[in-house]
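K.L.:
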Amino acid sequence: MNFKKTIIAGMISLAAGLAMAADLPQVAILATGGTIAGTASSNTQMTGYKAGELAIQTLIDAVPAVKEFADVKGEQIVKISSNNLTDEVLLKLAKRCNELLADPKVSGVVITHGTDTLEETAFFLNLTVKSKKPVVVIGAMRPATAISADGPVNLLNAVKLAVDPKAQNRGVLVALNDQISAGRDVTKTNTTNVATFNSHDLGFLGYIAGGKNYFLRNPAMRHTWQSEFDVSKIESLPRVDILYSHANDDRVLADASVAAGAKGIVHAGSGNGSVHQATEAGLADAVKKGVTVVLSSRTGSGIVCPNFGRYFQEGFIEGRSLNPQKARLLLQLALTKTNDPKEIARMFEEY
Ligand code: SIN
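As numbered in the working numbering, the sequence shown has no gaps in its residue numbers, which increase by one up to the final residue, 456.
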């Protein structure tokens, strides 16, 4: 009799749970690895751990509170440390986000990611996801096994953002450490600190406090559904290399890049995108061979704007406010459509 009662009670609570899940908005969590899924041999080990070890369901099960806000479904896309990010993973994520977000039942997508290249994925998706629904990219600076691991709260915050109508139409979001950033602007600024993500002078889009999301500004540049880039039929991206300027620089890496088949080069120059004269000759020759050269800056903030007139004559394009790793992604996408320097310059004005 007691056994029967227990079974009936179990069935009732299962049915109630299913009914509750059916009423909740759906959120897809796409997992790629990173420290958020990392494990170490002790709970005090915060560096030198193994990133990308835990499967997505383990991360979801560690935060039962997410189920109060959304009917979450996890998908393991890859299990990598994000320093090993590839174009293939970027394309896979963009295509999967677009498939999921086209489903009216899905309210938003959360992506769990390593923090090292998180800003690259967030910006790539900002340019290729065709939806106003929230896409929230998160990670963690401490592995899942650490005391005070930051992954669980970041996951909870991300799911709540993914179902928040206020988070719609703001481009791809990055949310760590109770701060909401624009995927376009944000960058990793500290090697180990949990407060590593910020957007320099541009600031956060908003904060998460007392369990609520507070938005304070909107991104000004074209994003997501406003973007002209469509990767639905693209299987690979053109090679674009980054050259980092320094004292005593020369043209060896510019020539090597051309020889390796680069279709574009982003030059991380000093100051306002300045190029060492020895490298400049190499880049000018690269342009003559059909390679698109974009001038970016190694300073970390500001805008690369018209500098020496001869840069324009040599065919170099100003990368505006994108850091070199983001300028590289925009140039890759630009080159899938055109190699007209005027058109590419326009894209650097608009995205
Ligand atoms: C990674 O980027 O996969 C490792 C570092 C991190 O997630 O913080």
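All residues carry an ideal CB built from backbone N, CA and C; glycine is no exception.
(1) Can you check which of these residues, Ile134, Val258, Gly378, Glu385, is closest to leucine 427 by C-alpha distance?
(2) At a cut-off of 7 angstroms, is asparagine 298 close to the ligand SIN when judged by its beta-carbon and the heavy atoms of the ligand?
(3) For glutamate 180, which three-state DSSP category applies?
(4) Do we get a CB-CB distance below 8 angstroms when we pair isoleucine 134 with the residues of chain C?
(5) Just curious, the beta strand (DSSP E) that alanine 287 is in, first and last residue?
(6) Pairs of beta-carbons, one from the stretch 344-356 and one from the stretch 365-379, closer than 8 angstroms: are there three or more?
(7) For alanine 300 versus asparagine 282, is the C-beta spacing smaller than 8 angstroms?
(8) Rounded to whole angstroms, what's the CA-CA distance from glutamine 430 to phenylalanine 228? Just pull it up for me.
(9) Quick check on the burial criterion: 16 or more other C-beta atoms within 10 angstroms. Buried or exposed for proline 169?
(10) Rounded to the nearest angstrom, what separates lysine 155 and threonine 144 at their Cα positions?
(11) Are lysine 210 and glutamine 131 touching if we call contact CB-CB under 8 angstroms?
(12) Checking 8 angstroms against the spacing of the C-beta atoms, do leucine 198 and leucine 159 come in under that value?
(13) Identify whether threonine 217 lies in helix, strand or coil by the three-state DSSP scheme.
(14) Excluding sequence positions up to five away, which residues of its chain have a Cβ less than 7 angstroms from the Cβ of glycine 288?
(15) Might you give, ordered along the chain, the residues of its own chain that have their beta carbon closer than 7 angstroms to the beta carbon of alanine 124, omitting 5 neighbours on each side?
(16) Just checking my contact of proline 157 with isoleucine 182 at CB under 8 angstroms: how many whole Å lie between their CB atoms?
(17) When you compare each of Leu206, Asp166, Arg247, Ser212 to methionine 151 by their alpha carbons, which one comes out closest?
(18) Whose CA, out of Asp355, Leu438, Ala175, Asp290, lies closest to the CA of isoleucine 339?
(19) To the nearest angstrom, how far is it from the Cα of phenylalanine 174 to the Cα of isoleucine 252?
(20) Which one or two residues does DSSP pair with glutamate 423 in a beta bridge?
(21) Would threonine 250 and isoleucine 134 be called neighbours here (beta carbons separated by less than 8 angstroms)?
(22) Secondary structure at alanine 450, three-state DSSP: helix, strand or coil?
(23) I'd like to confirm something about glycine 219: is its beta-carbon nearer than 7 angstroms to some heavy atom of the ligand SIN, or not?
(24) As a quick exercise: from Ala364, Tyr456, Glu225, pick the residue whose alpha carbon is nearest that of arginine 425.
(25) Answer yes if the stretch 320-336 comes into contact with the stretch 289-298, meaning at least three C-beta pairs across the two stretches below 8 angstroms, and no otherwise.
(26) Within its chain, find whatever has a CB closer than 8 angstroms to the CB of glutamate 448; leave out the 5 residues flanking it on each side and keep chain order.
(27) Could you check whether the Cβ of glycine 244 sits closer than 7 angstroms to any heavy atom belonging to the ligand SIN?
(28) Just to check, is the beta-carbon of alanine 156 closer than 7 angstroms to a non-hydrogen atom of the ligand SIN?
(29) Mind reading off the beta-carbon distance from valine 396 to glycine 369? Whole number of angstroms is fine, and I expect it under 8 angstroms.
(30) Have a look at leucine 436 and aspartate 128 and give me their C-alpha separation to the nearest angstrom.
(31) By the 10 Å Cβ neighbour count, where 16 or more other Cβ atoms means buried, how is proline 411 classified, buried or exposed?
(32) Taking the beta strand (DSSP E) that lysine 349 falls in, what are its first and last residues?
(33) Would you identify the three-state DSSP class for isoleucine 134, choosing helix, strand or coil?
(34) Could you check whether the Cβ of asparagine 188 sits closer than 7 angstroms to any heavy atom belonging to the ligand SIN?
(35) Just to confirm, are valine 214 and valine 177 a CB contact at a threshold of 8 angstroms?
(36) Return helix, strand or coil for glycine 308, following the three-state DSSP convention.
P.N.:
Once the coordinates are examined:
(1) The sequence position of residue 427 within the sequence shown is 322, counting from 1. Cα-wise, what sits closest to leucine 427 is Gly378.
(2) As a working mapping, residue 298 is identified with position 193 in the sequence shown. Relative to the ligand SIN, the beta carbon of asparagine 298 is positioned no closer than 7 angstroms to any heavy atom.
(3) Start at 1 with the first residue of the sequence shown, and residue 180 comes out as number 75. Residue state, collapsed to three classes: strand.
(4) Checking the listed chains, one finds no chain C in this structure; it contains a single protein chain.
(5) Position 182 of the sequence shown holds residue 287. Element bounds for alanine 287: 284-287.
(6) Touching, yes.
(7) Within the sequence shown, the letter at position 195 stands for residue 300. Within the sequence shown, the letter at position 177 stands for residue 282. The criterion of a C-beta distance shorter than 8 angstroms is satisfied by alanine 300 and asparagine 282.
(8) Looking up residue 430 in the sequence shown gives position 325. Looking up residue 228 in the sequence shown gives position 123. Taking C-alpha positions only, glutamine 430 is separated from phenylalanine 228 by approximately 10 angstroms.
(9) By 1-based counting over the sequence shown, the position of residue 169 is 64. Around the CB of proline 169, fewer than 16 other CB atoms lie within 10 Å, so the residue is classed as exposed.
(10) Reading the sequence shown from its first residue, position 50 is the one you call residue 155. Reading the sequence shown from its first residue, position 39 is the one you call residue 144. Rounded to whole angstroms, lysine 155 and threonine 144 show a C-alpha spacing of 5 angstroms.
(11) Indexing the sequence shown from 1 puts residue 210 at position 105. Indexing the sequence shown from 1 puts residue 131 at position 26. Cβ atoms of lysine 210 and glutamine 131: closer than 8 angstroms.
(12) Taking the first residue of the sequence shown as 1, we reach residue 198 at position 93. Taking the first residue of the sequence shown as 1, we reach residue 159 at position 54. Contact annotation: leucine 198 and leucine 159 have beta-carbon atoms that are not nearer than 8 angstroms.
(13) Here residue 217 refers to the residue found at position 112 of the sequence shown. In this structure, DSSP gives threonine 217 an extended state, which the three-state scheme calls strand.
(14) Taking the first residue of the sequence shown as 1, we reach residue 288 at position 183. Within the same chain, glycine 288 has close Cβ partners Ala227, Phe228, Leu230, Asn231, Val242, Gly276, Val277, Leu278, Val279.
(15) Against the sequence shown, residue 124 aligns to sequence position 19. Only weak support is given to the placement of alanine 124: the predicted model assigns it a pLDDT of 49, under 50, and the value that follows is read from those uncertain coordinates. Cβ contact annotation for alanine 124 (same chain, cutoff 7 angstroms, sequence separation greater than five): none.
(16) One-based indexing of the sequence shown puts residue 157 at position 52. One-based indexing of the sequence shown puts residue 182 at position 77. Strictly speaking, residue 157 in this sequence is glycine, with proline absent from that position. In this structure, glycine 157 and isoleucine 182 do not form a Cβ contact; the two beta carbons are roughly 11 angstroms apart against a cut-off of 8 angstroms.
(17) Here residue 151 is taken as the residue at index 46 of the sequence shown, counted from 1. Of Leu206, Asp166, Arg247, Ser212, the residue nearest in Cα terms is Arg247.
(18) On the sequence shown, position 234 is the one that residue 339 refers to. Taking each of Asp355, Leu438, Ala175, Asp290 in turn and checking the Cα distance to isoleucine 339, the smallest one comes out for Leu438.
(19) As a working mapping, residue 174 is identified with position 69 in the sequence shown. As a working mapping, residue 252 is identified with position 147 in the sequence shown. Taking the straight line from one Cα to the other gives about 25 angstroms.
(20) Counting from 1 along the sequence shown, the entry for residue 423 is found at position 318. Answer by DSSP bridge pairing, in chain order: Leu400.
(21) Counting from 1 along the sequence shown, the entry for residue 250 is found at position 145. Counting from 1 along the sequence shown, the entry for residue 134 is found at position 29. No, the Cβ-Cβ distance between threonine 250 and isoleucine 134 is not below 8 angstroms.
(22) Against the sequence shown, residue 450 aligns to sequence position 345. Alanine 450 falls in the helix class under three-state DSSP.
(23) Position 114 of the sequence shown holds residue 219. Taken from the Cβ of glycine 219, at least one heavy atom of the ligand SIN lies inside 7 angstroms.
(24) For the purposes of this step, residue 425 is taken as residue 320 along the sequence shown, with counting starting at 1. Each of Ala364, Tyr456, Glu225 was checked against the Cα of arginine 425, and the nearest Cα belongs to Tyr456.
(25) In short, these stretches touch, since the Cβ pair count reaches three.
(26) Translated into the one-based positions of the sequence shown, residue 448 becomes position 343. The residues are Ala439, Lys442.
(27) Working through the sequence shown from its first residue, we reach residue 244 at position 139. Result yes, Cβ under 7 angstroms from the ligand SIN.
(28) Within the sequence shown, numbered from 1, the residue matching residue 156 stands at position 51. It does: the Cβ of alanine 156 is within 7 angstroms (strictly closer) of some heavy atom of the ligand SIN.
(29) Counting from 1 along the sequence shown, the entry for residue 396 is found at position 291. Counting from 1 along the sequence shown, the entry for residue 369 is found at position 264. Right, the Cβ-Cβ distance comes to about 6 angstroms (below 8 angstroms), so this counts as a contact.
(30) Locating residue 436 in the sequence shown gives position 331, where the first residue counts as 1. Locating residue 128 in the sequence shown gives position 23, where the first residue counts as 1. Cα to Cα, leucine 436 sits roughly 43 angstroms from aspartate 128.
(31) By one-based count along the sequence shown, residue 411 stands at place 306. Counting every other CB atom within 10 Å of its CB across the protein chains shown gives proline 411 a total below 16, marking it as exposed.
(32) By one-based count along the sequence shown, residue 349 stands at place 244. It is tyrosine, not lysine, that sits at residue 349 in the sequence shown. Unbroken beta strand (DSSP E) run through tyrosine 349: 345-349.
(33) Position 29 of the sequence shown, counted from the start, is the residue given in the question as residue 134. Of the three classes helix, strand and coil, the one that applies to isoleucine 134 here is strand, per DSSP.
(34) Taking the first residue of the sequence shown as position 1, residue 188 is located at position 83. A heavy atom of the ligand SIN is found nearer than 7 angstroms to the CB of asparagine 188.
(35) Counting from one through the sequence shown, the residue named residue 214 turns up at place 109. Counting from one through the sequence shown, the residue named residue 177 turns up at place 72. No.
(36) The residue labelled residue 308 in the question sits at position 203 within the sequence shown. If DSSP states are grouped into helix, strand and coil, glycine 308 belongs with coil.
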